[in-house]
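Asks:
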Amino acid sequence: MLSAVTPLLAFPAISSNFGAFGWAAIALGQSFGAAAAVLIELGWGLTGSQRIARASEKNRRKLLAASLATKLVVVPVAVPVAVIAAILAPEFSTEAALACIGSALVGLSSIWFFIGAGSPGKILVTDSIPRLVFVTSAALWMNAGGPLVSFGLALILSSLIALALALRTAGVRPRDFSIVRGRRLWLFLRAQMTALSGRAVSALYIALPVALVGIVAPSVLPVFAAAERLQRLGLSVLQAVPNSLQGWVGGARTAELRLRRAGQALGLNVVLGLISGVGFVLIAPVMSEWIFAGTATLPIEICLVSGLVIFLVCVSRATGGIVLVALKKVGIISVSAFAGAVVGVPAILLLAATFGAIGALLGEVIAEGTVLAVQSSAVVRGIGRGRR
39 MLSAVTPLLA
49 FPAISSNFGA
59 FGWAAIALGQ
69 SFGAAAAVLI
79 ELGWGLTGSQ
89 RIARASEKNR
99 RKLLAASLAT
109 KLVVVPVAVP
119 VAVIAAILAP
129 EFSTEAALAC
139 IGSALVGLSS
149 IWFFIGAGSP
159 GKILVTDSIP
169 RLVFVTSAAL
179 WMNAGGPLVS
189 FGLALILSSL
199 IALALALRTA
209 GVRPRDFSIV
219 RGRRLWLFLR
229 AQMTALSGRA
239 VSALYIALPV
249 ALVGIVAPSV
259 LPVFAAAERL
269 QRLGLSVLQA
279 VPNSLQGWVG
289 GARTAELRLR
299 RAGQALGLNV
309 VLGLISGVGF
319 VLIAPVMSEW
329 IFAGTATLPI
339 EICLVSGLVI
349 FLVCVSRATG
359 GIVLVALKKV
369 GIISVSAFAG
379 AVVGVPAILL
389 LAATFGAIGA
399 LLGEVIAEGT
409 VLAVQSSAVV
419 RGIGRGRR
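To convert, note that position 93 of the sequence shown is 131 in my numbering; the numbers rise steadily by one, no gaps.
(1) Is the stretch 151-160 close to the stretch 94-110, with three or more CB pairs under 8 Å?
(2) Since residue 369 contacts residue 345 with CB under 8 Å, what's their CB separation in whole angstroms?
(3) I need the straight-line Cα distance from residue 184 to residue 407, nearest angstrom please.
(4) As an exercise, report each continuous alpha helix (DSSP H) stretch of at least 4 residues that is fully enclosed by the stretch 116-166, in chain order.
(5) Counting pairs of beta carbons, one from the stretch 377-390 and one from the stretch 248-257, are three or more of them closer than 8 Å?
(6) Quick check on the DSSP output: the alpha helix (DSSP H) that includes residue 226 runs from which residue to which?
(7) Within the same chain, show all residues whose beta-carbon is closer than 7 Å to that of residue 399, passing over the 5 residues directly before and after it, in chain order.
(8) For residue 308, which residues from the same chain have a beta carbon less than 6 Å from its beta carbon, with the 5 sequence-adjacent residues on both sides left out?
(9) Considering residue 96, what are the terminal residues of the alpha helix (DSSP H) in which it resides?
(10) At which residues does the alpha helix (DSSP H) containing residue 216 begin and terminate?
(11) What number of angstroms, rounded off, separates the C-alpha of residue 290 from the C-alpha of residue 421?
(12) Note down, in chain order, each residue of its chain lying with its Cβ closer than 6 Å to the Cβ of residue 262, except the 5 sequence neighbours on either side.
(13) Would you say the stretch 164-181 touches the stretch 217-226, given that touching needs at least three Cβ pairs under 8 Å?
(14) Using 10 angstroms around the beta-carbon of residue 110, count the other beta-carbons present and answer buried if the total reaches 16, otherwise exposed.
(15) Would you kindly report the start and end of the unbroken alpha helix (DSSP H) that includes residue 211?
In structure tokens:
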């Protein structure tokens with residue numbers, strides 16, 4: 039949760055010192071970087087926590103080692119993505135590229151491991167505090183006259199330090215990497231493809247909307263990026279709830295108990311989504327005025343649509359990441375993501391070009407609604423078959 043809100047400390051410094059164009063460049067870089075992070079993460083956050091919850095201590099270390107080895111194979115994808123971000127932000131090209139790489143390296147995070155191991159407190163030490171220290175330092179430096187590149191560098195360094203601390207805390211040793219020697223590395227990569235395929239496709243409408251809007255409606259990018267960033271920061275904080283429930287659901291000893299817990303987790307996330315969506319509508323206008331130093335204040339109509347996006351995402355996180363995983367129907371998550379991308383990406387592009395920032399957000403609503411509809415249908419069918 040602390041990791042999610044940490045960037046808020048830097049956004050006022052970015053907006054007040056480098057204006058709307060500086061903020062838009064950083065937002066663009068982070069958008070592309072978040073998409074790359076989805077690829078680098080390889081779906082371990084989706085399937086890994088429940089596997090860790092059932093594994094022995096020795097096998098937990100080996101799974102963490104395997105996850106890192108497979109992720110490092112994909113890390114180079116961040117370089118061409120950063121080049122694209124730099125091209126689309128010519129006034130702050132280096133800054134956009136560094137923000138992209140720093141955001142992409144978040145895919146190396148081991149948060150999912152500590153969630154599955156039932157040790158959420160270790161996330162604070164290994165992930166949240168390093169990010170807080172580096173991002174806060176960058177914000178102070180920018181306010182003292184430092185360059186905008188300091189933000190991207192802070193993201194990069196904090197991710198690398200967090201990774202080193204996670205491996206040390208988990209007790210991973212060099213011999214644990216023997217699990218991915220030779221052909222086994224590729225077997226692990228192939229095993230993650232089902233989870234990754236859904237995440238990779240969903241990145242088109244989850245992580246890339248800022249980039250899409252930057253292409254078709256650059257004039258509204260600062261306001262849309264502000265809404266998108268606050269919305270995603272809120273969702274990052276809320277992610278702690280389904281994350282913590284994954285280990286609880288996965289730790290059930292029987293299939294019947296696992297499904298019962300999954301249903302309870304779904305109900306909790308529905309309530310969470312309602313409360314959070316309404317809360318966003320009430321506080322986002324004031325927050326945007328302060329965080330973005332008056333360069334991108336959000337009107338109430340944009341906040342209303344963002345609140346609806348938050349509700350839909352909260353529910354689909356439970357139907358997909360918890361219930362469908364418990365039903366052993368991970369493949370449906372990929373199907374729903376594909377449906378969301380096919381419907382959502384054209385909707386975002388068309389509506390953004392026609393109606394600006396609010397149109398792009400309506401495109402996100404269409405995408406997330408499609409995902410939830412596909413997942414909910416599969417959940418109903420899966421539970422119905424289980425009762426026969």
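Yeah, the Cβ is synthetic: ideal placement off N, Cα and C, and Gly gets one too. Keep in mind it's a predicted model, so treat the numbers as computed, not measured.
Replies: Answer, in terms of the structure:
(1) yes
(2) In fact, because the Cβ distance is near 31 Å, the residues do not count as touching under 8 Å.
(3) 43 Å
(4) 116-126, 131-142 and 149-154
(5) yes
(6) 221-229
(7) 265, 340, 343, 344 and 347
(8) 353
(9) 95-112
(10) Where residue 216 is concerned, there is no enclosing alpha helix (DSSP H), given that its DSSP letter is neither H nor E.
(11) 17 Å
(12) 251, 395 and 398
(13) no
(14) exposed
(15) Taken as a continuous stretch (DSSP letters only), residue 211 belongs to no alpha helix (DSSP H), as it is neither H nor E.
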